[in-house]
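Below you'll find the structure, written out as structure tokens, and then a few comments.
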Amino acid sequence: MFQYDLVVVGSGPAGRRGAIQAAKLGKKVLVIEQGKRVGGVSVHTGTIPSKTLRETALNLSGWRERGFYGKAYRVKQEISAEDLRRRLLITLDHEVEVLEHQFARNRVQHMRGKASFVDVSTLEVVKDDGEVMRVTATSILLAVGTKPFRPDYIPFDHKSVLDSDELLEIEELPRSMVVIGAGVIGIEYATIFSALDTAVTLIDPKSTMLDFIDKEIVEDFTYQLRDRNMKIMLGTKADKVTKLDDGKVELILDNGRRLVTDMVLFAAGRMGATDTLNLAAAGLEADNRGRLKVNPETFETSVPGIYAAGDVVGFPSLASTSMEQGRIAARVAVGAVAKEPPKYFPYGIYAVPEISTCGLTEEEMKERGIAYECGIARFRETSRGHIMGLDTGLLKLIFSLKTRRLLGVHIVGEGATELVHIGQAVLNLKGTVEYFVENTFNYPTLAEAYKIAGLDAWNRMGDIKSEL
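Shown next, in the form of structure tokens:
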């Protein structure tokens, strides 16, 4: 039996940040990871692989240069699945190396094995070689992440009908693909493969998509997808999915339509990876999607001394927020003070094009009855946009008419997930429209779009200084 101050189950963003935070406070910490290497879903099948795949696809396809050289332009004429995988493996090796060094530098112990509860403070770990050991801890942090939801009616075969984890292991790029699920993961992969000139059809039972994103941004994004001939079928459900003898896949939709495609990606939701933890032994119970309920301020579960953070606790399920949740949970678990993070955090969707948002949407402003004004800038209005050959891209700022404070920033287009941080800082520091009007931005940059949007809003609002 081995005793620790904190045992962390899972080494993804929440787990690794929580473990390192506790270790920096002088605590004895153990991380248990059932995967072959540390890093969790984020490093091996989620965040890092999908973003690496995106960057590789855009580079090899010449996507960013097509505004100048035409839609037929390609850096590499014949792009293979191996081309995509090669860069992915290099990136993953770097990520794992950095993480292992962080654990070593902070004296965080880690082991490979599958953990399950014996009681509220004891975990049994089955290691790869069959050895079984037990560890006890003053506190336990569950950061096990999620896995793809795989319903019985979908005939997964690891080749032509896949989930989002399996998609990273395909042997050849499909000429056509149907993506089931218009959530963040489905949209990211649908647009990445569309950029590789795969004929993509996106279907979802809901009549809308990305409902938490400002509607004007979603409309602009949808227009861009349709403009490049991507088929979007919302309010449509796949009643039956069948593998055909010739290797293709047939889908029968609830509206009577029949689709035949080379590949189907099922990306309609994920499940908390809690089914092997024997939660009942610790007095815990997960919901129907395997997620755990926690106190949103401390991330402690209903059982004192047991914490959960990251995707396993549900929305927003972002690597960035998971890291902060893990850090806060670890500090509370070892008795340290944990400051509440800033109210507004950025949300990034790494589709093609990118979407990023922070603060309130226009729809939320209306619901709350806040008088507001918007400022819009299009990337083609900036000199940097001309240099880059951009004819799309939109930045939207939302200001309170009463206080003139920035309350929302929403971007769709090249570099959106980087640009959003300017708006995030101004928003959390309670800045006003005057900041954008009076501030100087590097020229030429896409960040100039902030000044353009600020001026657009200022012109509509009138030159009346705020009284804060």
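Residue numbers 669 to 1136, in the numbering used here, belong to the letters of the sequence shown in order.
Just so you know, even glycine gets a beta-carbon here, dropped at the ideal spot from N, CA and C.
Out of G854, K1070 and K744, point me to the one whose CA is closest to R938's CA.
G854
May I ask which residues mark the beginning and end of the beta strand (DSSP E) holding M801?
V800 to L810
Looking only at its chain, what residues have a beta carbon closer than 6 Å to the beta carbon of D1124, apart from the 5 residues adjacent to it on each side?
G1043 and I1044
Just mark V829 as buried or exposed, buried being the case when its beta carbon has 16 or more other beta carbons within 10 Å.
buried
For G849 versus D833, is the C-beta spacing smaller than 9 Å?
no
Exposed or buried, what is F967 when buried is set at 16 or more other beta-carbons lying within 10 Å of its beta-carbon?
buried
Inter-residue Cα distance where the pair is I747 and A863:
12 Å
What three-state label does DSSP hand D895 in the structure shown?
helix
In angstroms, rounded to a whole number, what distance separates the CA positions of E1008 and L947?
28 Å
Does DSSP put R1046 in a helix, in a strand, or in coil?
strand
Roughly how many whole angstroms lie between the Cα atoms of H778 and L791?
14 Å
S784 - containing beta strand (DSSP E), residue span:
K782 to D787
Would you please state the rounded distance, in angstroms, between the beta carbons of V697 and L767? I believe it to be under 8 Å.
Contact flag wrong, Cβ pair sits at about 14 Å.
Along the alpha helix (DSSP H) that carries E768, what are the first and last residues, could you check?
A749 to R773
Going by alpha carbons, who is nearest to D913 out of T929, A906 and N963?
T929
DSSP three-state call for Q745: helix, strand or coil?
coil
When the Cα atoms are used, what is the spatial distance from Y1012 to A987?
15 Å
Got a sec? Which residues, its chain only, sit under 7 Å from L1069 by beta carbon, not counting five neighbours each side?
A1039, Y1040, E1041 and M1129
Contact set for S1051: own chain, Cβ-Cβ below 8 Å, skip 5 residues either direction:
Y1111, P1112 and E1116
Pick from D955, T989, T944 and R959 that is closest to E965, judged by C-alpha positions:
T989
By the 10 Å Cβ neighbour count, where 16 or more other Cβ atoms means buried, how is T859 classified, buried or exposed?
buried
Quick check on the burial criterion: 16 or more other C-beta atoms within 10 angstroms. Buried or exposed for A682?
buried
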